[in-house]
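Peer 1:
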Amino acid sequence: MSAALLIIFAFAALALGLGLRAAHGKDMNLEQWTVAGRGFGAVFVFLLLAGEIYTTFTFLGGSGWAYGKGGPAYYILCYGSLAFILSYWLLPPIWRYARDHRLISQPHYFRHRYESPLLGGLVALVGVVALIPYMVLQLKGLGIIVSTSSYGTISPHVAIWIGAAIVTAYVMVSGVHGSAWNAVIKDAMILLVVLFLGIYLPLHLYGGYGAMFSAIDEAKPGFLALPERGQSVLWFSSSVLLSALGFYMWPHAFGAVFTARDASVFRKNAVFLPLYQLILLFVFFVGFAAVLKVPGLEGADVDLALFRISIRTFDPWLVGVIGGAGVLTALVPGSLILMSAATLFANDLAAPLMGIANPDRIARLARASVPIWALIAVWFAISGSQTIVALLLMGYAFVTQLFPALIASLLRRNPVSSAGAFAGIAAGVGMVALTTSQHLRLTNLLPFLPSRLDDVNIGIAALVLNVVVLALVSLAQRRLGLGAPSPAGRAAE
Amino acid sequence: MIRWLAAAPFLGMLIGPVFLNRVQPLVMGMPLLLAWLVMWVVLTSAIMALIYAFDPANRADADEGGGA
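Residue numbers (our numbering), protein chains in the order written: chain H, 3 to 495; chain F, 613 to 680.
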């Protein structure tokens, strides 16, 4: 067994051990399992939300995009900052409402706020459909990391099975507590590894950042800016906006909000999270360093850029440490995603349908469903279609459709009815599903628009449709007197 | 009033690239567009720190945590 492999296994074992131990001394009821009894302080919440920034998508995808696409990769650095600004005003009222009504999930929030189990069911369905490709992506990333950094000793499929088993075990036992403890180790590791690589590689291989970027600009003019068409400035701005709005609409990010002890946690985090994001800059540097040194990776292989250049440059033990850090970037977000999918299924789909009210039964159902969700994700990851990244972008476009109805629910007098919210979300999600599955462009739907607008992210276009439908249905309902719009925030109680 | 500063990063990141989509000149060794975006990430933190410091909600919050 090579040094690299030994180190990777040590990290996997550490993750499992910490994850299982996290349940120690706690009565794992539904509220403890999903939202840690709302007892996490600023540091844990910070790391759970920051966990969202450093997933395998950013670790491999961020360097891979810098390597393969150049300028368009910058979007990954931007959307988080804008999302954190929004979070300053968005998250405290959501957290407060959830605490007052003991809510444990995102669909739970919508169901309660709009007094509509139907709407809750739709939100849960959208959430689960968006979460599965996200989980698949983590597992595929895990497979790549382990097989590459073990120098091919372990196949990606074996790595996927082992990783899924570890996550399933500690999610079933410890729930969100396991994710939080592993997030501590993960972030410490990733910080060290990424800073080291992002500083060492450009200096060692090129003699400095300026020299590196000059060399790239000379070899590939325009590569380091945005292209005229395709992933143009218009694509950039609309994708940054879509991802900023969608950031906290992911069910697992929304659920992580509920773990906070008090509302000031979010305001503090909004100050520090943007700076923390700058680590992504060093991920880009690694990808850019690889452009001229390990050329020739194409298609899905661009994701290998970070590991290829590491293997070329470093001893096996150091590759092992990098691989171990990479394994954690898959396991921690993966555990949050699995837990979310299980909670959505048990609390927001099965329980209302089957009339289960007892929290202990819901908790048992949620925990029992964890292996099923893991198996579904493993199946997709191994049967391996090429369209995973397309699915993830679709997932982002899906969850962002929840944004208008959420904002409306925070207004003092909510003008949106539950039917309006339902119709708006359904219309937005429908448009995203139709255009992505049929590979339609915006100008196929609205031929009178100039072709330049094809670069606009389709999720933003769907968001516009969503708001229009939501407004029309709410308005029509009020005009025709078809049942009063739902009371704003249950002010009547 | 100070909270309106929070709109600035949106303008800088969403509208700024229209005018600054260029590689040269390199700023601090980075392509111009990247350096511009990095500057706004740093400014975002600074602006949010200012807003936090002047926000009365952060004084009122003390009773919120212990309450429930």
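For each residue, glycine too, the CB sits at the ideal point set by N, CA and C.
For H/L277, which option in F/L649, F/S657, F/V630 and F/V639 has the closest C-alpha, if you only look at C-alpha atoms?
Peer 2: For the purposes of this step, residue 277 of chain H is identified with residue 275 of the first sequence, where counting begins at 1. The candidate whose alpha carbon is nearest that of H/L277 is F/S657.
Peer 1: In angstroms, rounded to a whole number, what distance separates the CA positions of H/R231 and H/P406?
Peer 2: To locate residue 231 of chain H, count along the first sequence from 1; it is residue 229. To locate residue 406 of chain H, count along the first sequence from 1; it is residue 404. About 30 Å.
Peer 1: Hey, is F/D675's beta-carbon within less than 7 Å of any beta-carbon in chain H?
Peer 2: As a first step, residue 675 of chain F must be located in the second sequence, where it is residue number 63. Model confidence at F/D675 stands at a pLDDT of 43, short of 50, so the residue's coordinates are unreliable; what they give is reported in the following sentence. No - not a single Cβ of chain H is within 7 Å of the one on F/D675.
Peer 1: F/F666 touches chain C at which residues, Cβ-Cβ below 9 Å?
Peer 2: Note that chain C does not occur in the displayed structure, where the protein chains are H and F.
Peer 1: Excluding the five sequence neighbours on either side, which residues of its own chain have a C-beta within less than 7 Å of the C-beta of H/L467, listed in chain order?
Peer 2: Along the first sequence, read from residue 1 onward, the residue named residue 467 of chain H stands at position 465. Closer than 7 Å at Cβ, skipping near neighbours: A429, G430 and M433.
Peer 1: Report yes or no: is there a C-beta of chain F within less than 7 Å of the C-beta of H/L18?
Peer 2: What you label residue 18 of chain H is simply residue 16 of the first sequence in a count that begins at 1. H/L18 does not count as touching chain F.
Peer 1: Is the region 71-85 of chain H in contact with the region 315-323 of chain H, if contact means three or more CB pairs nearer than 8 Å?
Peer 2: At 8 Å Cβ cutoff, the stretches do not touch.
Peer 1: Please classify H/W319 as buried or exposed, where buried requires at least 16 neighbouring CB atoms within 10 angstroms.
Peer 2: Locating residue 319 of chain H in the first sequence gives position 317, where the first residue counts as 1. Answer is exposed; the Cβ neighbour count stays below 16.
Peer 1: Please decide whether H/Y211 counts as near chain F, where near means a Cβ-Cβ distance under 7 Å.
Peer 2: Against the first sequence, residue 211 of chain H aligns to sequence position 209. Taking Cβ atoms only, chain F reaches closer than 7 Å to H/Y211, which makes this a yes.
Peer 1: Going along chain F in order, which residues have a C-beta closer than 9 Å to the C-beta of H/G224?
Peer 2: In the first sequence, the residue the question calls residue 224 of chain H occupies position 222. Those are V635, listed as they occur along chain F.
Peer 1: Looking at the C-beta of F/M651, does it have a partner C-beta in chain H at a distance below 7 Å?
Peer 2: Along the second sequence, one-based indexing puts residue 651 of chain F at 39. No, its Cβ sits nowhere closer than 7 Å to a Cβ of chain H.
Peer 1: Looking at the structure shown, is H/V1 part of a helix, part of a strand, or coil, going by DSSP?
Peer 2: No information on residue 1 of chain H is available, as it lies outside the stretch 3 to 495 that chain H covers here.
Peer 1: Below 8 Å, can you find three or more Cβ-Cβ pairs linking the region 640-656 of chain F to the region 268-288 of chain H?
Peer 2: Output reads yes: the region 268-288 of chain H touches the region 640-656 of chain F.
Peer 1: Please give the ranges of any alpha helix (DSSP H) in the region 398-426 of chain H, keeping only runs that are unbroken, at least 4 residues long and fully inside the region.
Peer 2: DSSP runs (the alpha helix (DSSP H)) wholly in the region 398-426 of chain H: 405-412.
Peer 1: For H/H254 and H/R481, what's the separation of their Cα atoms in angstroms?
Peer 2: By 1-based counting over the first sequence, the position of residue 254 of chain H is 252. By 1-based counting over the first sequence, the position of residue 481 of chain H is 479. C-alpha separation (whole angstroms): 37 Å.
Peer 1: Going along chain F in order, which residues have a C-beta closer than 9 Å to the C-beta of H/D219?
Peer 2: For this step, residue 219 of chain H is matched to residue 217 along the first sequence. By Cβ distance, chain F contributes V635, Q636, L638 and P643.
Peer 1: Closer than 6 Å by C-beta to H/V195: which residues in its own chain qualify, once you throw out the five before and the five after it? Chain order, please.
Peer 2: Walking along the first sequence from the start, residue 195 of chain H turns up at place 193. Answer for H/V195: I324 and A327, listed in chain order.
Peer 1: According to a CB-to-CB cut-off of less than 7 Å, which residues of the region 113-138 of chain H neighbour chain F?
Peer 2: Hits within the stretch: zero.
Peer 1: On a Cα-Cα basis, can you pick out the residue from H/H110, H/G72, H/Q440 and H/W375 that is closest to H/A221?
Peer 2: Within the first sequence, the letter at position 219 stands for residue 221 of chain H. The option with the nearest alpha carbon to H/A221 is H/G72.
Peer 1: By how many angstroms is the C-alpha of H/T345 removed from the C-alpha of F/E676?
Peer 2: Sequence index remark: in the second sequence, residue 676 of chain F carries index 64 (1-based). Sequence index remark: in the first sequence, residue 345 of chain H carries index 343 (1-based). Only weak support exists for where F/E676 lies, its pLDDT of 46 falling under 50; the coordinates are left without a value.
Peer 1: How would you label H/S151, buried or exposed, when you count the other beta carbons within 10 angstroms and need 16 or more for buried?
Peer 2: Here the question's residue 151 of chain H lines up with position 149 in the first sequence. When all chains shown are included, H/S151 counts as buried.
Peer 1: Run down chain H in chain order and give the residues with a C-beta less than 8 Å from the C-beta of F/M660.
Peer 2: Counting from one through the second sequence, the residue named residue 660 of chain F turns up at place 48. In chain order: F86, I87, Y90, A272, V273 and P276.
Peer 1: State buried or exposed for H/A227, treating a residue as buried only when at least 16 other CB atoms are found within 10 Å of its CB.
Peer 2: Within the first sequence, residue 227 of chain H is the residue found at index 225, counting from 1. Buried is the call here.
Peer 1: Exposed or buried, F/I659, counting other C-beta atoms within 10 Å across all chains shown (16 or more means buried)?
Peer 2: Along the second sequence, read from residue 1 onward, the residue named residue 659 of chain F stands at position 47. With 16 or more Cβ atoms within 10 Å of its Cβ, F/I659 is classed as buried.
Peer 1: Can you tell me where the alpha helix (DSSP H) with H/G336 in it begins and where it stops?
Peer 2: One-based indexing of the first sequence puts residue 336 of chain H at position 334. P318 to T345 is the span of the alpha helix (DSSP H), which, as asked, contains H/G336.
Peer 1: Less than 7 Å between CB atoms is the rule here; does F/M625 satisfy it with respect to chain H?
Peer 2: On the second sequence, position 13 is the one that residue 625 of chain F refers to. So, interface residue.
Peer 1: Listed from N- to C-terminal order along the chain, which residues in the region 395-408 of chain H have their beta-carbon within a distance smaller than 9 Å of any beta-carbon of chain F?
Peer 2: Residues passing the 9 Å Cβ filter: none.
Peer 1: Measuring straight from C-alpha to C-alpha, what distance separates H/S439 and H/H114?
Peer 2: Counting from one through the first sequence, the residue named residue 439 of chain H turns up at place 437. Counting from one through the first sequence, the residue named residue 114 of chain H turns up at place 112. Distance between the alpha carbons of H/S439 and H/H114 is about 32 Å.
Peer 1: Where DSSP assigns a beta bridge to H/S469, which residues make up the other side?
Peer 2: In the first sequence, residue 469 of chain H corresponds to position 467, counting from 1. Note that residue 469 of chain H is Val in the sequence shown here, rather than Ser. Bridge partners of H/V469: none, in fact.
Peer 1: Just to make sure I have the definition right: I need the residues of chain H whose C-beta is within less than 8 Å of the C-beta of F/A618. Which are they?
Peer 2: Within the second sequence, numbered from 1, the residue matching residue 618 of chain F stands at position 6. By Cβ distance, chain H contributes I87 and Y90.
Peer 1: Could you list which residues in chain H have their beta carbon closer than 9 Å to that of F/I614, in chain order?
Peer 2: Taking the second sequence and counting its residues from 1, the one referred to as residue 614 of chain F is at position 2. Under the 9 Å cutoff, chain H gives no residues; its nearest Cβ is about 12 Å from F/I614.
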